[in-house]
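Here the sequence shown stands for residues -22 to -1, 1 to 270, where the numbers follow mature numbering (1 follows the signal peptide of the UniProt record, and there is no 0).
Beta carbons: idealized from backbone N, C-alpha and C, even for Gly.
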Amino acid sequence: MKRLICYLLAGIATTATLSAHSDEASWTQPQKPFQVYGNTYYVGTLGLSAILVTSPQGHVLIDGTLEHNAPLIEANIRALGFRVEDIRVILNSHAHSDHAGGIAELARVSGAKVRASVAGAKAMNLGGNDPDDPQYDGAAHYPVIANIGVVRDGETIRIGTSELIAHYTPGHTPGGTSWTWRSCDQGHCLNMVYADSLTPISSDGFHYSGDATHKERVKSYRQTLATVAALPCDILITPHPDASDLMERVAKRDQGLQPNPLVDTQACKAYAAGAGVKLDARLVKEQTERPH
């Protein structure tokens, strides 16, 4: 978890370097798909996660990464021996272009329904151009996604033998959603968590502590951190895989290291705790920037 903590405890970065709409090299770099555990597979790029949860009756895809990554995700799914056309539903962590940009195309080629939180559906209907987003910049960033089904907080999405539970986790965006499910291998089942991004990043002028144009969001942000910390958590995956050391842990697992480096029952607590420290630093920064 060392890199996870370093990732979360880094100083508050500038919008120019950590904008959700920037495009880092690893975000488009192909990544060989792999089994995470049981019926859970990684089908994203090196720097952006897309997760396939399979069942004999159909599959669930979480996140679509960038718009131009859709063909890579489709190819990764087929490389694992699964049919894209068997995806029944596409879910989302949050509606920034690096996680929702490819969803419209993936929904088109698969015929899958798209489900998102109330605020997430609103943002995707706007192509990511949501005035309530801390990183709002007045521009659409990906194709508008229409006909989105709303998923409620605590609702279970059932596709065949797969049951995924939605956990509203607003903060990084208003519609942030984390997902939990169980995956089994030879009768041994683990709690899987796809925890949304928790970094308090914004465009210039936005204040999480509230101002004349933005309501105070600290209370809901702290509730999100408590929610993530309390999730049943054996394997943590995050929309940016480096935020949970995913590739490093997979490499160690594939080298035969035991116990399984992917399994860490304290990972969600550590992820939330690190984000809490970063939020505190952000709030201190906001206070120092206010006119006296």
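Using 8 Å as the threshold, is the C-beta distance between residue i and residue j below it?
i    : j    : result
R66  : H46  : no
L142 : L69  : yes
A207 : A250 : yes
P217 : N169 : no
S27  : Y20  : yes
G254 : D163 : no
L84  : G42  : yes
H166 : T158 : no
Q35  : I135 : no
What are the residues that DSSP puts in a beta bridge with residue i?
i    : result
T134 : I143
D163 : H166
A94  : V128
S156 : H145
V87  : None, per the DSSP bridge assignment.
Y15  : T18
I68  : L39 and V92
I123 : Note: I123 sits in no beta bridge, so no partner.
L30  : Y19 and L39
L209 : In the DSSP output, where bridge partners are listed per residue, L209 has none listed.
V171 : T158 and L214
Rounded C-beta distance between residue i and residue j? I'm assuming under 8 Å.
i           : j    : result
S71         : S161 : Not really, about 18 Å apart at Cβ, beyond 8 Å.
P239        : G25  : About 20 Å separates the two Cβ atoms, so there is no contact after all.
S95         : G153 : 4 Å
residue 276 : T32  : The structure shown does not extend to residue 276, since the chain spans only -22 to 270, so no value can be given for it.
A57         : G106 : The Cβ separation is near 29 Å, so there is no contact.
T147        : S140 : Contact flag wrong, Cβ pair sits at about 20 Å.
L44         : G80  : 6 Å
M102        : A117 : With a Cβ gap of about 15 Å, M102 and A117 do not count as contacting.
L257        : Y199 : 6 Å
Which term fits residue i, buried or exposed, when burial requires 16 or more other beta carbons within 10 angstroms of its beta carbon?
i           : result
Q9          : buried
A97         : buried
T151        : buried
T202        : buried
R260        : buried
Q113        : buried
V122        : exposed
A124        : exposed
S(-1)       : For S(-1), the predicted structure reports a pLDDT of 45, less than 50, and the residue's modelled location is therefore unreliable. The matter cannot be settled from this model.
R268        : exposed
D223        : buried
V262        : exposed
G22         : buried
L235        : exposed
E264        : buried
residue 271 : Residue 271 is absent from the model: the chain starts at -22 and stops at 270.
T177        : buried
Below 7 Å, is the gap between the Cβ of residue i and the nearest heavy atom of the ligand FAD?
i    : result
C211 : Questions concerning the ligand FAD fall outside what the structure shown contains, since it holds no ligand whatsoever.
| message | I want to know whether the stretch 177 to 192 touches the stretch 50 to 61 - three or more CB-CB distances under 8 Å. | response | no
| task | Examine the Cβ distances between the stretch 127 to 141 and the stretch 77 to 89 and report whether three or more of them are shorter than 8 Å. | result | no
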